[in-house]
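Protein chains in written order, with the numbering used here: chain A, 421 to 855; chain B, 4 to 166.
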């Protein structure tokens, strides 16, 4: 028994020694040889164990990274949610840059601060003011078209009303100039509140749904050609003398975060080509209209000369009747008559019953409303002088033209609606004045 | 037959512990690790003689070192010594005393970790003291707790059948 125990002890010691030798040899092996032995073990006997350990390590890594991955996924989802608005804003800013390149000059790009919910949603603040050249009644435009009008201006900020504002008005026309009207907010209930309506379109003009409506340029506030909306349908109104059309606005009121304000000089020059409302055909139409305008201008010039001649004869007749005591006044009258521009004539011819104004208060420069009113007044009425205006704004100091009864020329003059366009080139509104 | 069955049960238990070492250990801990190889070796060493326990320690250490990037051979040496010593102290095991089992497991596991640290060149590193005196005892304690519970559960199953 004791012998067996001793034998066992020797065997144990021998096995222990052998194991220690192997372990020691593994420890003192050069790094390269140790790596080879380790690699051989990993690829043979210990391969399942190593694979299991690698799998477990990946599992633990997945568990550990789960929170971080969820956070990253959430961040990416948030970023993805923000991507669409950012992309849309990027597109809008690109479009704004494109509009700026087409306009080239005469505008101020500004940020638009929309009011908070509950306050006046139809008025916005602009991050530019008179220091940047902005003046009241300047058009507020975006790449799509007209969005509003500046109402008040401070050195560094401005206030503008959007087209949804109840006081917003713009003289509008179809791109071919066939139908004129005044566009204002529809003021309907529900979703119709955000539609526009084009009032005062003569019955002879029928606008098809889908027709683009642009600013007409009348009134010297909005230059011609700024897209406003698209005709949806005709709507019934209590007024029986003209048509009213519902328009789908070309610009969503809350869409613009950046916009451009047209400076007065640019508004006077016009925005031709900034919006392609009808590519080549529109340009052709414009050329035709321009040619027609020049012909009309020639005709008006002839009428003007004839009127001046008649006025001179009238003055001479009065001199002959009253003698030399009224010479100065007669001379002034004559001069005044001679300086009258044809835009006055249609207004008088339209039958507006205005009192005679002393010569001394007659402005030598004609107000813009004269031509506008004459241009758009119905042939027999002269009832509504449609022009761009902001209802409720400060009263406009527009002097009335001299309401002199003028003897009609022997040859029948053109109707006012035809004569008026020729007056457009000579209109020179005072700064800041509206029609 | 019953003897073979006993060895088979033991072998299955050891294999499960070895598998747990490579599968569960990476999942469970980061700094505090449970050394299932030490538990498997202790489970074997109570059934075999010290020489065989040393060889088992060498093989288990080889398996552990094969999957360890650094210190190849340190695990072999440590487990060889632990196997031999604990086989000598087999009377302490299955002594119906879980605390004593725990102390033996704790000492074995801490010794293995210390030897691995020293033999794999960890003694030269700055964090050796923290590893040897903080994380190694914590890992050994975790191993001891798990081992004590495991031995208590496995004792009826691994008790040799009466011949």
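Ideal Cβ positions, reconstructed from N, Cα and C, are used throughout, including at glycine.
Interface residues of chain B facing residue i [CB-CB closer than 9 Å]
| i | result |
| --- | --- |
| residue 477 of chain A | 29, 30 |
| residue 488 of chain A | Ordered by position in chain B, no residue passes the 9 Å Cβ test against residue 488 of chain A, which lies about 15 Å from the chain. |
| residue 473 of chain A | 24, 25, 26, 28, 29, 70 |
Identity of the residues DSSP links to residue i by a beta bridge
| i | result |
| --- | --- |
| residue 531 of chain A | A:678 |
| residue 600 of chain A | A:593 |
| residue 667 of chain A | A:616, A:651 |
| residue 399 of chain A | Outside the shown range of chain A (421 to 855) lies residue 399 of chain A, about which nothing can therefore be said. |
| residue 565 of chain A | A:562 |
| residue 582 of chain A | A:568 |
| residue 118 of chain B | Answer is none; residue 118 of chain B lacks a bridge partner. |
| residue 546 of chain A | A:532, A:578 |
| residue 573 of chain A | A:578 |
| residue 133 of chain B | The partner list for residue 133 of chain B (beta bridge, DSSP) is empty, contrary to what the question assumes. |
| residue 605 of chain A | A:616 |
| residue 621 of chain A | A:663 |
Contact under 7 Å by Cβ, residue i with residue j
| i | j | result |
| --- | --- | --- |
| residue 685 of chain A | residue 526 of chain A | yes |
| residue 80 of chain B | residue 63 of chain B | no |
| residue 447 of chain A | residue 76 of chain B | yes |
| residue 573 of chain A | residue 549 of chain A | yes |
| residue 554 of chain A | residue 681 of chain A | yes |
| residue 109 of chain B | residue 69 of chain B | no |
| residue 53 of chain B | residue 10 of chain B | no |
| residue 639 of chain A | residue 591 of chain A | yes |
| residue 101 of chain B | residue 151 of chain B | yes |
| residue 627 of chain A | residue 650 of chain A | no |
| residue 620 of chain A | residue 645 of chain A | no |
| residue 663 of chain A | residue 654 of chain A | yes |
| residue 86 of chain B | residue 57 of chain B | yes |
| residue 66 of chain B | residue 466 of chain A | yes |
| residue 694 of chain A | residue 523 of chain A | yes |
| residue 83 of chain B | residue 488 of chain A | no |
| residue 648 of chain A | residue 633 of chain A | yes |
| residue 477 of chain A | residue 29 of chain B | yes |
| residue 496 of chain A | residue 563 of chain A | no |
Cβ shell of residue i (< 7 Å), same chain only, five flanking positions each side left out
| i | result |
| --- | --- |
| residue 113 of chain B | 139, 140, 143 |
| residue 605 of chain A | 583, 584, 585, 586, 588, 616 |
| residue 542 of chain A | 581, 582, 584, 585 |
| residue 50 of chain B | 13 |
| residue 494 of chain A | none |
| residue 31 of chain B | 37 |
| residue 93 of chain B | 48, 49 |
Within chain A, partners of residue i - CB distance below 7 Å
| i | result |
| --- | --- |
| residue 77 of chain B | 447 |
| residue 87 of chain B | 436 |
| residue 55 of chain B | 435 |
| residue 45 of chain B | Going along chain A, no residue has its Cβ under 7 Å from residue 45 of chain B, so there is no contact; the nearest lies around 16 Å. |
Close beta carbons around residue i, own chain, < 6 Å, minus the five adjacent residues each side
| i | result |
| --- | --- |
| residue 470 of chain A | 462 |
| residue 434 of chain A | none |
| residue 798 of chain A | For residue 798 of chain A, the predicted model reports a pLDDT of 39, less than 50, meaning its position is unreliable; a value from the coordinates is still stated below. Excluding sequence neighbours, residue 798 of chain A sits near nothing in its chain. |
| residue 42 of chain B | 20, 150 |
| residue 599 of chain A | 621, 625, 627 |
| residue 45 of chain B | 89 |
| residue 593 of chain A | 600, 636 |
| residue 153 of chain B | none |
Neighbour list for residue i in chain A, Cβ cutoff strictly below 8 Å
| i | result |
| --- | --- |
| residue 69 of chain B | 458, 461, 462, 465, 466, 469, 470 |
| residue 58 of chain B | 435, 438, 439 |
| residue 122 of chain B | 447 |
| residue 61 of chain B | 439, 442, 443 |
| residue 157 of chain B | The premise fails here: residue 157 of chain B is roughly 22 Å from chain A at the closest Cβ pair, so nothing lies under 8 Å. |
Residues that residue i contacts on chain B, provided the C-beta gap is smaller than 7 Å
| i | result |
| --- | --- |
| residue 428 of chain A | 52 |
| residue 480 of chain A | 29, 30 |
Chain A contact residues for residue i, given Cβ-Cβ distances below 9 Å
| i | result |
| --- | --- |
| residue 83 of chain B | 436, 439, 440, 442, 443 |
| residue 65 of chain B | 442, 443, 446, 461, 465, 466 |
Interface partners of residue i on chain C, CB under 9 Å
| i | result |
| --- | --- |
| residue 154 of chain B | Given the protein chain composition of this structure (A and B), no chain C is represented. |
Neighbourhood of residue i by C-beta distance below 8 Å, restricted to the same chain and skipping five residues each side
| i | result |
| --- | --- |
| residue 551 of chain A | 575, 576 |
| residue 683 of chain A | 526, 527, 528, 553, 554, 555, 558 |
| residue 105 of chain B | 147, 148, 150, 151 |
| residue 814 of chain A | Only weak support exists for where residue 814 of chain A lies, its pLDDT of 39 falling under 50; the coordinates are left without a value. |
| residue 457 of chain A | 446, 449 |
| residue 17 of chain B | 43, 46, 47 |
Closer than 6 Å: residue i CB and nearest the ligand ZN heavy atom
| i | result |
| --- | --- |
| residue 519 of chain A | As for the ligand ZN, it is missing from this structure, which has no ligand bound. |
Under 8 Å by beta carbon: chain B residues contacting residue i
| i | result |
| --- | --- |
| residue 530 of chain A | Near residue 530 of chain A there are no residues of chain B at all, since even the closest Cβ is about 57 Å away, more than 8 Å. |
Requested in this report: Quick one: which residues of the stretch 443–457 of chain A get their C-beta closer than 9 Å to a C-beta of chain B? List them in chain order.
Outcome: Residues passing the 9 Å Cβ filter: 443, 444, 445, 446, 447, 448, 449, 454, 455, 457.
Query raised in the report: According to a CB-to-CB cut-off of less than 9 Å, which residues of the stretch 536–559 of chain A neighbour chain B?
Result: Residues passing the 9 Å Cβ filter: none.
Report task. Pull out every residue of the stretch 6–23 of chain B whose Cβ sits closer than 9 Å to any Cβ of chain A, in chain order. Result -> Against chain A - using a Cβ distance shorter than 9 Å - the residues of the stretch 6–23 of chain B are 21, 22.
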